[in-house]
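Participant:
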Amino acid sequence: MNAKVLVVEDEEPLALLLRYNLESEGFAVDVVQNGEEAQLAVEEGQPDLIVLDWMLPGISGLEVCRQLRSGRGTRNIPIIMLTARGEETDRVRGLATGADDYMVKPFSVPELMARIKAIMRRASPERLADKLSVAEIVLDRSAHRVVRNGREVRLGPTEYRLLEFLMQSPGRVFSRAQLLDSVWGRDIYVDERTVDVHVGRLRKAITRGREQDPIRTVRGAGYSIDDALAMA
Ligand code: CA
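Positions in the sequence shown are counted from 1; adding 3 to them yields my numbering.
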């Protein structure tokens, strides 16, 4: 599951440029053009970072930033503000409002990418790590490979994404609906029982029917992957 960046920018060429560059870096990207759409996008799916233009039609970027910072579920989302040259005092206001960083337009795209990655590494290192490791399982994102105790585990694409998603938050229980949204995507209609089918396949591949099963079924709640293997 790639880290998700929400770009809030009404200048279309710049928005396209950012989308292109972020996608080349492996991020999932959502682009919206104003503050209202940004609020909806955040409600629908929590981004890992927001690139937020200051001057937007309607609600300003500053106001969007303020609202995100005062929302309980949104106050920790990293924000990089984009400001126009000459808004020196605004910059200071922007940081005071709680943005994590800012870039003055026109800016260098590679520099913005570097800052995004730096902030993301601090805020959610597991989203950028090349290798995730839980229990005896190592998932190597760059090689797209899963190994358990030195043995390669062969997984279908859905099982791989499911495992990757669970491994990003060991011990945390995800409902079937959350797994559907995050692994399958909210645009696809799939029955919640599909999740059970794929978890079943994933388990089979990981355990070969005889090794310990790190995936925990929580009745009435969902699934998690556990750091400490339960004693069989
Ligand atoms: Ca603008």
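Heads up, the beta-carbon is just placed ideally off N, CA and C, and yes, glycines get one too.
Distance check for residue 50 and residue 3, CA to CA, integer angstroms please.
Facilitator: Residue 3 lies beyond the stretch modelled for the chain, which goes from 4 to 235, so this question has no answer here.
Participant: Which value, in whole angstroms, describes the spacing of the CA atoms of residue 235 and residue 116?
Facilitator: Unreliable positioning characterises residue 235 in this predicted model, as indicated by a pLDDT of 38, which lies under 50. The coordinate reading is nonetheless provided below. Spanning the two alpha carbons is a distance of roughly 46 Å.
Participant: With burial defined as no fewer than 16 other Cβ atoms inside 10 Å of the residue's Cβ, what is the status of residue 143: buried or exposed?
Facilitator: Result: exposed.
Participant: Secondary structure at residue 234, three-state DSSP: helix, strand or coil?
Facilitator: With a pLDDT of 41 at residue 234, under the threshold of 50, the modelled position of that residue is not reliable, and no figure is offered here.
Participant: Just the C-alpha distance for residue 84 and residue 122, rounded to the nearest angstrom, thanks.
Facilitator: Their backbone Cα atoms lie some 13 Å apart in a straight line.
Participant: Excluding the five sequence neighbours on either side, which residues of its own chain have a C-beta within less than 6 Å of the C-beta of residue 233, listed in chain order?
Facilitator: Low local confidence applies: a pLDDT of 46 at residue 233 is under 50, so the model's placement there is unreliable, with the coordinate-based value given in what follows. For residue 233, where only same-chain residues beyond five positions count, there are no Cβ hits under 6 Å.
Participant: At a cut-off of 7 Å, would you count residue 56 as near ligand 1, judging by its Cβ distance to the nearest heavy atom?
Facilitator: Yes, Cβ of residue 56 sits closer than 7 Å to a heavy atom of ligand 1.
Participant: Does at least one heavy atom of ligand 1 sit under 7 Å from the Cβ of residue 13?
Facilitator: Result yes, Cβ under 7 Å from ligand 1.
Participant: At the level of alpha carbons, what is the spacing between residue 57 and residue 204?
Facilitator: Cα to Cα, residue 57 sits roughly 47 Å from residue 204.
Participant: List the endpoints of the continuous beta strand (DSSP E) containing residue 154.
Facilitator: Counting along the chain, the beta strand (DSSP E) containing residue 154 begins and ends at 154-156.
Participant: Just curious, the alpha helix (DSSP H) that residue 161 is in, first and last residue?
Facilitator: Taken as a continuous stretch (DSSP letters only), the alpha helix (DSSP H) holding residue 161 covers 160-171.
Participant: Tell me the DSSP secondary structure of residue 10 in three-state form.
Facilitator: Here residue 10 sits in strand by DSSP.
Participant: Going by DSSP, what residue range makes up the alpha helix (DSSP H) through residue 25?
Facilitator: Residues 15-27.
Participant: Does residue 131 come out as helix, strand or coil in the three-state DSSP assignment?
Facilitator: It is helical.
Participant: Would you call residue 171 buried or exposed, if buried means 16 or more other Cβ atoms sit within 10 Å of its Cβ?
Facilitator: Under this definition residue 171 is a buried residue.
Participant: Would you kindly check if the distance between the Cβ of residue 138 and the Cβ of residue 81 is under 8 Å?
Facilitator: Result no, Cβ atoms of residue 81 and residue 138 do not sit closer than 8 Å.
Participant: In chain order, which continuous runs of the alpha helix (DSSP H) of length 4 or greater are located wholly inside the stretch 42-117?
Facilitator: Entirely contained in the stretch 42-117, the alpha helix (DSSP H) runs reaching 4 residues are, in chain order, 64-73 and 91-99.
Participant: So, with DSSP's three-state summary, where would you put residue 126?
Facilitator: Three-state DSSP puts residue 126 in a helix.
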